[in-house]
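J.:
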Amino acid sequence: MILRPKPEISPIRRLWPLIFANGAHGMTFGFLIVMLAVSNMIWPSEPFDLHAAELGSIITIRTWVLAVSGMIVGRIVDLHNRKIQLVISTAIPGLAFIAVGFVPAGLGFLSFIGFF
1444 MILRPKPEIS PIRRLWPLIF ANGAHGMTFG FLIVMLAVSN MIWPSEPFDL HAAELGSIIT
1504 IRTWVLAVSG MIVGRIVDLH NRKIQLVIST AIPGLAFIAV GFVPAGLGFL SFIGFF
């Protein structure tokens, strides 16, 4: 029987749980800050807690779309040129951020639909 030495574990692999926890913590605060701003844009005269379910649905749909699209984009990147995929995957969210900038503020349901 041949004994092989255990492979060295990279520092990134050791720190992965810490990186994941820090990212999840940061995303939580980021979602809260963004959703408060979005709530004030959609419903400027109403308090945040009246529309928590609608904003929760936006976050839920966003999370599911990110999870599914991450698997699809990962598969496509494995099959094709990574440089082109990087350009496309950074351009699409940039265009979405620009489009959200043109959503009318304070129009209730019309503004709410603009964020989908």
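Here this note's numbering runs 1443 ahead of the position in the sequence shown, where the first position is 1.
Positions of the beta carbon are idealized from the N, C-alpha and C atoms, including for glycine.
Taking only the alpha-carbon atoms, compute the straight-line gap between T1503 and P1450 and give it to the nearest angstrom.
T.: Computed Cα separation, rounded: 40 angstroms.
J.: Write down the C-beta distance between S1482 and F1491 rounded to the nearest angstrom, noting that I regard them as a contact closer than 8 angstroms.
T.: Confirmed, Cβ separation roughly 5 angstroms.
J.: Could you spell out where the alpha helix (DSSP H) holding D1492 opens and where it closes?
T.: Where D1492 is concerned, there is no enclosing alpha helix (DSSP H), given that its DSSP letter is neither H nor E.
J.: Is it true that the segment 1459-1470 meets the segment 1530-1542, where meeting means three or more beta-carbon pairs spaced less than 8 angstroms apart?
T.: Cβ pair count under 8 angstroms is below three, so no.
J.: For W1486, count the other beta carbons within 10 Å of its own beta carbon; 16 or more makes it buried, fewer makes it exposed. Which is it?
T.: Buried is the call here.
J.: L1630 to G1466, Cα distance in whole Å?
T.: There is no way to answer for residue 1630, as the model of the chain reaches only from 1444 to 1559.
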